[in-house]
Amino acid sequence: MARSPALAFLFEDNSARLAAVPPVPVWDLGVRVFHGLLILAVSVCAATGFIASRDWLGLHLLGGEIVIGLVVFRLVWGQSGSTYARFSTFHASWAAISAHVHEIARGERRPHLGHNPVGAAMVLALLVFLAGLVGTGVWALGGVLKQGPLAFLASYTSGLTARSIHNLLAIGILALVGLHLAGVAFESLRVRQNLTRSMITGRKPGPDDEAEPRHSARPLRALLAMALVAGLVVPGTVALSARPGLGVPAGATDPAYARECGACHFAYPASLATQAVWHSLMNGLDAHFGENASLDAAQTASIASYLDLNAAEHFDTLASHSFRLMNPGDPMRLTASPGWTRLHRSIAESVFTTRAVGGKGACNACHQDGATGRFDPQRISIPKEALN
Amino acid sequence: MTRFVILLPVLLAAAAAQAAPGPAQQAELDAYTGMAKAADPNFGGFSAARGQALFLATSKTARPDTPSCTTCHTTDPTKVGRTRAGKEIGPMALSAKPDRYSVMADTEKWFARNCDSVLMRACTPMEKGDFITFMTGQ
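Structure below.
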């Protein structure tokens with residue numbers, strides 16, 4: 002079998018030569034701690050995003066906050082870290098990448114103490130993807146769930162688009178991580194160095210690269226820059242998050258509606274159903290899901306008007322968008338709609354029949370904030386008795 | 732003390748047995764007496780036994796989901812019931828829920844709805860009076 006020069010390294014033994022060269026410091030503490038924490042935070046985000054249900058949203062958001070904090074740190078450290086942490090030592094131009102690929106093809110083995118051009122491009126791509134993931138995640142969170150700093154601005158439909166992009170970027174980052182690991186494995190074999198261990202110990206076999214200008218780490222400058230960014234971003238985020246969400250019900254529930262309808266069942270927030278559904282319901286109270294629930298004419302008219310003015314069409318929450326389409330076979334029952342079925346697909350049928358829940362229509366048995374019409378995923382708490 | 736604890740259920744049972752309509756409940760009963768007499772000049776007073784029978788009966792004309800009062804209220808009027816939508820209903824017995832049968836408009840609203848659901852017709856003044864007489868004695 003003919004051996005390609007690019008793969009010749011696989012068949013050589015130069016360990017004796019490398020062992021003779023004393024190791025030099027390459028990855029400073031900032032880079033190594035950043036790398037370790039990033040692995041942790043991205044793993045948490047991936048696990049809670051790809052595998053766990055929306056019950057784990059809180060942890061996913063925490064992971065995302067840590068990721069963006071780390072990305073900002075890395076951008077700062079790229080200006081103030083030691084030599085190989087600095088972006089000025091990232092030679093990721095097309096020309097450099099092309100030259101590097103040609104070197105590999107020719108079987109040459111010029112040492113790179115820092116990132117080689119392809120590795121540097123990978124680091125930058127990972128940072129860009131991570132920033133994009135956090136950005137689209139925050140937009141989706143604001144638009145779909147009306148939470149976070151963009152809740153006041155992002156519409157539901159724009160949030161859905163952001164979520165789609167977020168999902169694509171998430172698959173993209175998995176691919177990048179895969180390529181990154183493959184690249185590290187390839188390069189480790191090619192140069193006969195354990196690059197993974199170098200990222201832990203911070204050292205690589207020498208000699209030092211004299212062509213690269215020396216830089217000392219400037220931790221104080223980095224700390225100041227981080228404090229400046231945090232001082233602007235954290236209070237800004239808190240202030241924006243406190244603003245009322247776009248199209249989130251804020252008015253008080255009509256007391257007559259709460260009293261009369263709430264006498265027999267959970268007083269469904271008016272924003273859950275469309276005007277057409279409320280209209281049909283209020284015109285058929287004498288045959289209301291199998292029972293007579295009639296009210297006198299004045300009360301019927303006043304409650305009907307409240308429901309009409311606060312129906313789903315007036316709002317932009319996930320809940321107000323989920324039941325626009327009703328089941329033609331049971332056109333007034335929210336729990337028979339395709340949207341309700343989809344949102345509750347992971348809940349066992351037996352949960353709803355338990356006494357602690359009391360039926361599919363008892364939203365507030367599990368949704369602690371059901372009465373507000375928000376239905377935040379973090380506020381779901383299925384009664385323990387219902388899970389046995 | 733021990734003697735009192737032993738006596739407590741006896742005392743409670745005695746109190747329940749002696750439960751009687753208060754002024755508000757009596758006003759409703761008087762109103763239904765007037766209506767019953769208007770409907771039938773030979774009306775001879777309400778009967779707790781007829782009220783109990785009405786409460787426990789299974790209707791032949793009911794809507795399918797509500798064959799009896801007891802479907803939602805359970806057979807024990809001193810216990811909480813539950814609507815088909817899963818919401819608790821306070822006990823029907825006056826002893827267990829002292830504000831029962833005290834607001835005529837509410838009483839009429841629920842008779843209008845529930846008689847229609849269970850019997851598919853309106854209840855007569857006599858049936859309403861019998862029912863309240865039974866429940867105020869519970």
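Chains as they are written, first to last, in the numbering used here: chain A, 2 to 389; chain B, 732 to 869.
In this text, a Cβ means the ideal position worked out from N, Cα and C, and glycines have one as well.
Just so you know, these numbers come straight off a predicted model, no measurement behind them.
Alpha carbon of Ser83 (chain A) to alpha carbon of Gly184 (chain A), nearest angstrom: 24 Å
Per-residue DSSP class, three states only, for Ile820 (chain B): strand
Glu816 (chain B): contacting residues in chain A (beta-carbon distance under 9 Å): Glu is not the amino acid found at residue 816 (chain B); the sequence shown has Ala there. By Cβ distance, chain A contributes Cys265, His266, Phe267, Phe290, Gly359, Gly360, Gly362, Ala363.
Local conformation of Gly765 (chain B) per DSSP, three classes: helix
Residues sharing a beta bridge with Pro245 (chain A), DSSP: In the DSSP output, where bridge partners are listed per residue, Pro245 (chain A) has none listed.
Paired residues, beta bridge with Lys205 (chain A) - DSSP: A:Val25
Coarse secondary structure for Glu211 (chain A), derived from DSSP in three states: coil
Where Glu386 (chain A) falls: helix, strand or coil (DSSP): helix
Tyr85 (chain A) versus Asn117 (chain A) - alpha carbon distance: 11 Å
Beta-carbon contacts of Thr1 (chain A) that lie in its chain and below 8 Å, excluding the five residues immediately before and after: The structure shown does not extend to residue 1 (chain A), since chain A is modelled only from 2 through 389, so no value can be given for it.
Selection from A:Val124, A:Val135, A:Phe187 that minimises the alpha carbon distance to Leu76 (chain A): A:Val124
Proximal residues of chain B, C-beta to C-beta of Ala251 (chain A) below 7 Å: Ordered by position in chain B, no residue passes the 7 Å Cβ test against Ala251 (chain A), which lies about 26 Å from the chain.
From A:Gly360, A:Arg343, A:Phe51, residue whose alpha carbon lies closest to that of Ser351 (chain A): A:Gly360
Whole-angstrom distance between Ala372 (chain A) and Ala126 (chain A), CA atom to CA atom: 44 Å
Residue-level contact to chain A via CB, Arg781 (chain B), 7 Å cutoff: no
Of the residues B:Glu759, B:Arg794, B:Thr792, the one placed nearest Phe777 (chain B), counting alpha carbons only: B:Glu759
Chain A residues whose Cβ lies nearer than 8 Å to that of Ala843 (chain B): Asn293, Ser295
Selected residue, minimal CA-CA separation from Ser295 (chain A), among A:Ser303, A:Met283, A:Ser306: A:Met283
Rounded separation between Ser44 (chain A) and Arg244 (chain A) - CA only: 31 Å
Cβ of Ser826 (chain B) within 7 Å of any chain A Cβ: no
Closest residue to Leu177 (chain A) among A:Met200, A:Ala320, A:Phe130, A:Pro220 (Cα-Cα distance): A:Phe130
Helix, strand or coil at Gly144 (chain A) [DSSP, three-state]: helix
Reduced DSSP secondary structure (H/G/I, E/B, other) of Met857 (chain B): helix
Whole alpha helix (DSSP H) elements within the segment 74 to 157 of chain A, 4-residue minimum: 95 to 107, 118 to 146
CB contact flag (Val72 (chain A), Leu134 (chain A), <7 Å): no
Distance between beta carbons of Asp309 (chain A) and Trp279 (chain A), contact taken as under 8 Å: 6 Å
Contact under 7 Å by Cβ, Gly136 (chain A) with Gly160 (chain A): no
In DSSP terms, what His345 (chain A) is bridged to: DSSP, once it has assigned bridges, lists no residue as partnering His345 (chain A).
Pick from A:Met200, A:Cys262, A:Arg191, A:Ser347 that is closest to Leu397 (chain A), judged by C-alpha positions: The structure shown does not extend to residue 397 (chain A), since chain A spans only 2 to 389, so no value can be given for it.
Classification of Met2 (chain A) by the beta-carbon crowding that lies within 10 angstroms, buried from 16 upward: Only weak support exists for where Met2 (chain A) lies, its pLDDT of 44 falling under 50; the value from the coordinates is given anyway. Exposed, because fewer than 16 other Cβ atoms sit within 10 Å of the Cβ of Met2 (chain A).
Contacts that Pro795 (chain B) makes with chain A (C-beta to C-beta distance below 9 Å): Gly291
Cys265 (chain A): CB within 6 Å of a non-hydrogen atom of the ligand PLP: In terms of ligand content, the structure shown is empty, and the ligand PLP therefore cannot be addressed.
Own chain residues within Cβ distance below 7 Å of Ala121 (chain A), not counting five before or after: Phe91, His92, Ala93
DSSP state of Arg813 (chain B) mapped onto helix, strand, coil: strand
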